[in-house]
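Per this note's numbering, the very first residue in the sequence shown carries number 171; after that it's consecutive. Every residue, glycine too, gets a C-beta built ideally from N, C-alpha and C. Beneath this line is the structure, given in structure tokens, with notes to follow.
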Amino acid sequence: MGVSIIRYSPWIMHFNAGACNGCDIEVLAALTPFFDPERLGVKLAPNPRHADIIIVTGALNKKAAERLRRLYEQTPSPKYVIACGACATSGGVFTDSYPVFSRADRVVPVNVYVPGCPPRPEAILYGIKKLLDKVAEGG
171 MGVSIIRYSP WIMHFNAGAC NGCDIEVLAA LTPFFDPERL GVKLAPNPRH
221 ADIIIVTGAL NKKAAERLRR LYEQTPSPKY VIACGACATS GGVFTDSYPV
271 FSRADRVVPV NVYVPGCPPR PEAILYGIKK LLDKVAEGG
């Protein structure tokens, strides 16, 4: 089954947990007309109450982890999370540093991982498409 089974346009909320901002630049690039994310029906959400998907970038410290938990709680169900970049998926180069608390999947349930440091916009859109396909199949 394809993405066409989704009956609405999913809204994305980007959460920057903090790091080098390389992933943030690539997420913003992926949402520009050049890469045309609207072909997947994707739109940027103005706040968590309108979001369907949360894209998490950066390594989480204790404050960012708490903010991510609150953001996740404010997002209506069904909600999905994409961990984007090496820091969000595994802690990246900051794994053993003092202020880094955790990676995204230790704070909220993650549905799709997009690796890379930073991941290319095409990889981010591929991750979004994989999530939409997964949702369409009922998974």
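### Message
With H, G and I counted as helix, E and B as strand and the rest as coil, what does DSSP make of Val173?
### Response
Here residue 173 refers to the residue found at position 3 when the sequence shown is read from its first residue. Annotation note: pLDDT 44 at Val173 (below 50); position unreliable, coordinate value reported separately. Note: Val173 maps to helix in three-state DSSP.
### Message
Val305 and Ala113 - do their beta-carbons sit closer together than 8 angstroms?
### Response
With the chain represented from 171 up to 309, any question about residue 113 goes unanswered, as that position is not in the structure.
### Query
Quick one, are the C-beta atoms of Val280 and Gly297 less than 8 angstroms apart?
As a first step, residue 280 must be located in the sequence shown, where it is residue number 110. As a first step, residue 297 must be located in the sequence shown, where it is residue number 127. No. Outside cutoff.
### Query
Do the CB positions of Phe310 and Cys257 come within less than 8 angstroms of each other?
One cannot answer for residue 310 here, as it falls past the ends of the chain, which runs 171 to 309.
### Message
On a Cα-Cα basis, can you pick out the residue from Pro246, Gly211, Lys299, Ile225 that is closest to Arg219?
### Response
For the purposes of this step, residue 219 is taken as the residue at position 49 of the sequence shown. Selected option, being the one with the closest Cα: Pro246.
### Query
Does DSSP put Phe264 in a helix, a strand or coil?
In the sequence shown, residue 264 corresponds to position 94, counting from 1. Note: Phe264 maps to helix in three-state DSSP.
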